[in-house]
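Please read the structure below before turning to the comments.
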Amino acid sequence: MTNREKIDRIYESAQKIDQVYDVWATKHKLTLYEMMMFYEIFQKENREITQKELSMKLGAPKTSVNSLIKKQLNAGYIWMQVNPQNKREKIISLTESGERFARNLVQPLFQYEEEVIGMLDDRDVETVITVQNKFADILLSKMEDI
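Right, here's the structure in full:
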C-alpha cells in the first residue's frame, strides 16, 4: 500500500464515523451539526456551552454555528445569555423542551455508543486513538514549520 493510499484510508475511516452520526441525525430530521449541538450540550453536566466552545467542538465556521443557534432559538429548544465572567461570550443552554428533545435524541445514542465500545478490545481502542492523534500531531507540526 502506498503512503497516499494509507492517508486515504485514515481519512475514510474518520469520515465513516461522521457518516454514522449523520444517519442518526437524519433519522431525527436534523443536520449533523444540529444533532451534534444537542449531543455536546447534553453531555455537559450543567447543560450549557459557550458559543465559541460549540464552534470548536463542531469544527464548524462561526456563521454556520450562528445559523444553527438561531434555528434552535426559534424552535424554543435553547436560549442564550451573556457570560457574566466574560461579557464577550454567550452561553447556550437548553430550555425545558430542549432538555426533553435532547434527552430523547442523545440518551439512546449514548447507550449505543457504550454498547459498541464495550464490544471492542481496549488495546484496539487505545491503538486507534494513539495512531489518529499521532498522525494529527505530526501533520500539524509539519504545517507549523512552514
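Last residue of the sequence shown: number 159 in the numbering used here, and the count goes up by one each step with no gaps. A virtual CB, placed ideally from N, CA and C, is assigned to each residue, including glycine. Here the structure is a predicted model, which means the values were calculated and not measured.
**Item:** residue 90, buried or exposed, once every other Cβ within 10 Å from all chains shown has been counted against 16
**Value:** The residue given as residue 90 occupies position 77 in the sequence shown. Burial call: buried.
**Prompt:** Three or more beta-carbon pairs under 8 angstroms between the segment 81-100 and the segment 21-30, yes or no?
**Reply:** no
**Request:** Taking residue 71 as the reference, give the member of 135, 35 and 102 with the closest Cα.
**Result:** Here the question's residue 71 lines up with position 58 in the sequence shown. Comparing Cα positions, the closest option is 35.
**Between the CA atoms of residue 64 and residue 97 - distance to the nearest angstrom** = In the sequence shown, counting from the first residue as 1, residue 97 sits at position 84. In the sequence shown, counting from the first residue as 1, residue 64 sits at position 51. Their Cα atoms are separated by approximately 14 angstroms.
**Prompt:** Is residue 118 near the ligand FMN, judged by its Cβ being under 8 angstroms from some heavy atom?
**Reply:** The ligand FMN is not part of the structure shown, which contains no ligands of any sort.
**Request:** Give me whichever residues DSSP pairs with residue 107 in a beta bridge.
**Result:** Against the sequence shown, residue 107 aligns to sequence position 94. According to DSSP, residue 107 bridges with 91.
**Message:** Helix, strand or coil, according to DSSP, for residue 63 in the structure here?
**Reply:** Looking up residue 63 in the sequence shown gives position 50. Correct three-state label for residue 63: strand.
**Request:** Can you grab the Cα-Cα spacing for the pair residue 151 / residue 157, in whole Å?
**Result:** Counted from its first residue, the sequence shown places residue 151 at position 138. Counted from its first residue, the sequence shown places residue 157 at position 144. Rounded to the nearest angstrom, the two C-alpha atoms are 10 angstroms apart.
**Prompt:** Secondary structure at residue 102, three-state DSSP: helix, strand or coil?
**Reply:** The residue labelled residue 102 in the question sits at position 89 within the sequence shown. In this structure, residue 102 counts as strand in the three-state DSSP scheme.
**Prompt:** Between which two residues does the alpha helix (DSSP H) harbouring residue 14 extend?
**Reply:** The sequence position of residue 14 within the sequence shown is 1, counting from 1. First-last for residue 14: undefined, no H or E at that position.
**Request:** Taking residue 158 as part of the alpha helix (DSSP H), name the residues at either end of that continuous run.
**Result:** Sequence index remark: in the sequence shown, residue 158 carries index 145 (1-based). Note, residue 158: premise wrong, no alpha helix (DSSP H); not H, not E.
**Item:** Distance, residue 14 Cα to residue 58 Cα
**Value:** To locate residue 58, count along the sequence shown from 1; it is residue 45. To locate residue 14, count along the sequence shown from 1; it is residue 1. Each residue's Cα considered, the two are about 45 angstroms apart.
**Asked** How many Å lie between residue 16 and residue 33 at the Cα?
**Response** For the purposes of this step, residue 16 is taken as the residue at position 3 of the sequence shown. For the purposes of this step, residue 33 is taken as the residue at position 20 of the sequence shown. Taking the straight line from one Cα to the other gives about 26 angstroms.
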